[in-house]
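In this note's numbering, the protein residues as written are 158 to 312. Using N, Cα and C, we set each Cβ at its ideal position, and we do this for glycine too.
Dropping the structure here:
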């Protein structure tokens with residue numbers, strides 16, 4: 158069985174005034190730009206799930222197209238870490254949101270924010286109120302920890 162590998166992006170509209178038809182059109186546009194993606198509206202945000210088997214789907218060309226689309230629609234996009242379980246969707250949404258939150262303050266001229274670039278800021282912001290710091294670990298580290306646990310490796 159192949160792992161389900163999903164990236165999540167959250168689109169935040171900074172300009173008010175889009176009607177439902179325009180929002181649906183924007184969702185469709187984003188889905189066409191990102192291979193293997195599906196979008197939903199959640200709490201007023203467009204949330205895009207990307208099902209992919211590789212880390213390299215997020216090419217420089219795709220970054221450029223997403224940034225151009227975001228600028229055209231006055232959006233800010235946040236991209237979470239990749240995750241393997243749909244039950245982790247909430248954490249991916251939080252990561253995409255944190256990428257936008259911290260990225261827009263640190264780099265206000267950008268429109269596309271990767272959680273990987275802002276995870277440390279999120280960690281420092283949350284460490285005083287969070288008991289489970291594992292959710293801030295990179296997914297590959299969690300895979301190694303799980304592998305060691307299953308195989309009784311002393312690392």
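When you compare only the Cα positions, how much space is there between residue i and residue j?
i, j, result
"residue 172", "residue 227", "Only weak support exists for where residue 172 lies, its pLDDT of 43 falling under 50; the coordinates are left without a value."
"residue 128", "residue 191", "For the chain, the structure presents residues 158 to 312; residue 128 sits outside this window and is missing."
"residue 311", "residue 291", "19 angstroms"
"residue 273", "residue 184", "24 angstroms"
"residue 298", "residue 304", "10 angstroms"
"residue 216", "residue 295", "20 angstroms"
"residue 239", "residue 246", "10 angstroms"
"residue 258", "residue 265", "10 angstroms"
"residue 275", "residue 252", "9 angstroms"
"residue 223", "residue 180", "16 angstroms"
"residue 241", "residue 231", "30 angstroms"
"residue 189", "residue 177", "18 angstroms"
"residue 254", "residue 263", "14 angstroms"
"residue 306", "residue 218", "39 angstroms"
Could you tell me which of the options sits nearest to residue i, measuring between CA atoms?
i, options, result
"residue 198", "303, 291, 182, 209", "182"
"residue 355", "179, 250, 280", "Residue 355 is absent from the structure shown; the chain starts at 158 and stops at 312."
"residue 195", "201, 208, 202", "208"
"residue 313", "187, 245, 244, 309", "For the chain, the structure presents residues 158 to 312; residue 313 sits outside this window and is missing."
"residue 256", "280, 309, 189, 301", "280"
"residue 229", "175, 263, 260", "175"
"residue 293", "300, 277, 307", "277"
Over what stretch of residues does the beta strand (DSSP E) that includes residue i continue unbroken?
i, result
"residue 233", "232-236"
"residue 298", "Counting along the chain, residue 298 falls outside any beta strand (DSSP E), though it belongs to the alpha helix (DSSP H) covering 296-308."
"residue 241", "Per DSSP, residue 241 belongs to no beta strand (DSSP E) and is neither H nor E."
"residue 195", "194-199"
For the alpha helix (DSSP H) that contains residue i, what are its first and last residues?
i, result
"residue 208", "It is not in any alpha helix (DSSP H) - residue 208 instead sits in the beta strand (DSSP E) that spans 202-208."
"residue 279", "272-283"
"residue 321", "Residue 321 lies beyond the stretch modelled for the chain, which goes from 158 to 312, so this question has no answer here."
"residue 216", "Segment: none, residue 216 is in no alpha helix (DSSP H) and carries neither H nor E."
"residue 250", "246-263"
Ignore the nearest five residues each way along the sequence and tell me which others in residue i's own chain have a CB closer than 6 angstroms to its CB.
i, result
"residue 260", "270, 275"
Once the 5 residues before and after residue i are set aside, which same chain residues still bring their CB inside 7 angstroms of it?
i, result
"residue 244", "none"
Worksheet item: Touch check for the stretch 265-276 and the stretch 225-240: three-plus C-beta pairs under 8 angstroms?
Response: yes
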